[in-house]
Amino acid sequence: MAADAAAAEVESVVIMTSGISSTAEERREMAQREKRDVAELLLPQRVEDLRNLFQRCMHRPPWMPSFILRDFIEVMFKDYRKERAELLQEVLSNGVGWDTLPLLKQETLILWGDKDSIFPLSLAYGLQRHLGDKARLQVIKEAGHALPLEKPHDVNQMIKRFLLQQNVM
């Protein structure tokens, strides 16, 4: 993790809904549950695929017209698609795992949605246990995987409060 490599420069860390610690079995289960290539799910190319991704990532996804979704795909998923797919495939194939995940020296805030259907809440608790006393987990109610899109006010308030407590702001 970048925070471990630059410990002197990084004072605080915020981690949101990260599957970095998922096991090979959990990654296989995710692929089986989706019944299609996970990279295809997470890097949509068509409007219907993006609607499906929003259904999976949000507890209550808002309706959006197709032209907005097309623009979203153009902005978010078109550039560096090959590189993103390779990175995603590497993480899905090999993961990171607890043994290589560093113990951070910084105070860490972990944010997770209680309805996250991509990475289960158990991963958040495992990550908190792994990171130890310097990690604080906050679970956001009625939120899925896409926390900044679903609950931007809650996310911003929690991060701001955390940083103010750390005297970073």
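First residue of the sequence shown? That's 49 in our numbering, and the numbers climb one at a time after it. Quick reminder that beta carbons are idealized off the backbone N, C-alpha and C, glycines included. Computed from a predicted model, the values in this text were never measured in an experiment.
Check: By alpha-carbon positions, which one of H107, P150, V86 ends up nearest to E138?; Outcome: V86
Check: Please state whether DSSP places E155 in a helix, a strand or coil.; Outcome: strand
Check: Output yes or no for whether 7 Å exceeds the beta carbon distance between H107 and G174.; Outcome: no
Check: Which same chain residues end up closer than 8 Å to L136 when comparing Cβ atoms and leaving out the 5 residues on each side of it in sequence?; Outcome: V86, A87, L90, L91
Check: Quick check on G180: does DSSP put it in helix, strand or coil?; Outcome: helix
Check: In this structure, does DSSP put S69 in helix, strand or coil?; Outcome: coil
Check: Can you give, in chain order, each stretch of the alpha helix (DSSP H) that sits fully within the segment 161 to 207 and has at least 4 residues?; Outcome: 169 to 179, 195 to 198
Check: Since M124 is in the alpha helix (DSSP H), which residue starts that stretch and which ends it?; Outcome: 114 to 125
Check: Less than 7 Å between the C-beta atoms of V58 and Q154, yes or no?; Outcome: yes
Check: Counting Cβ pairs, one atom from each stretch, are 3 or more of them under 8 Å apart for the segment 154 to 170 and the segment 60 to 69?; Outcome: yes
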